[in-house]
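Student: In numbering that gives the first Met the number 0, the protein residues as written are 0 to 73.
One structure is given below, represented as structure tokens, and several questions about it will come after.
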Amino acid sequence: MEFVKKACLKNTDVTTHFFLCKIKEGQITYQDPDDSIEEIAWKTSDESLKLEHDYPEDQETLLSFLWTSGCQAF
0 MEFVKKACLK NTDVTTHFFL CKIKEGQITY QDPDDSIEEI AWKTSDESLK
50 LEHDYPEDQE TLLSFLWTSG CQAF
């Protein structure tokens, strides 16, 4: 499942993709050539409410995406 958010920030068009994934096995890994990813982690909806978001407007979107999918964590 995927959700796409489009916005304009400081005169720059930005597209953000949110993906719903299932944990199968292994460790979380990622490629970050821009060194812009601060953290990748699985969070419960309760943990998400306590996070300080760089884009606070995304918190409601993330929780809605999570609850609509029927998942307990993202």
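Glycine included, every Cβ here is placed at the ideal spot set by N, Cα and C.
Owing to the predicted nature of the structure, the values given are computational and were not obtained by experimental measurement.
#1: For ALA6, collect the residues of the same chain with a Cβ closer than 6 Å to its Cβ; drop the 5 residues on either side in sequence, then sort them by chain order.
#2: Between which two residues does the alpha helix (DSSP H) harbouring LEU8 extend?
#3: Output the distance between the C-alpha atoms of LEU61 and PHE17, rounded to the nearest integer angstrom.
#4: Looking at the secondary structure, which residues open and close the alpha helix (DSSP H) in which THR28 lies?
#5: Round the Cβ separation of ILE39 and ILE27 to the nearest angstrom and send it over; I've been treating them as touching at under 8 Å.
#6: Using only the alpha-carbon positions, how far apart do GLU1 and LEU19 sit?
Tutor: Reading from the atomic positions:
#1: Position 7 of the sequence shown holds residue 6. Around ALA6: VAL13.
#2: Numbered from its first residue, the sequence shown carries residue 8 at position 9. Looking at the DSSP string, LEU8 is not in any alpha helix (DSSP H); the run it does join, the beta strand (DSSP E), is 1-8.
#3: Locating residue 61 in the sequence shown gives position 62, counting from the first residue. Locating residue 17 in the sequence shown gives position 18, counting from the first residue. When rounded, the distance between both Cα atoms is 8 Å.
#4: Locating residue 28 in the sequence shown gives position 29, where the first residue counts as 1. Per DSSP, THR28 lies in no alpha helix (DSSP H) segment and is marked neither H nor E.
#5: For the purposes of this step, residue 39 is taken as the residue at position 40 of the sequence shown. For the purposes of this step, residue 27 is taken as the residue at position 28 of the sequence shown. Indeed, because the Cβ distance is near 5 Å, the residues count as touching under 8 Å.
#6: Here the question's residue 1 lines up with position 2 in the sequence shown. Here the question's residue 19 lines up with position 20 in the sequence shown. Taking the straight line from one Cα to the other gives about 6 Å.
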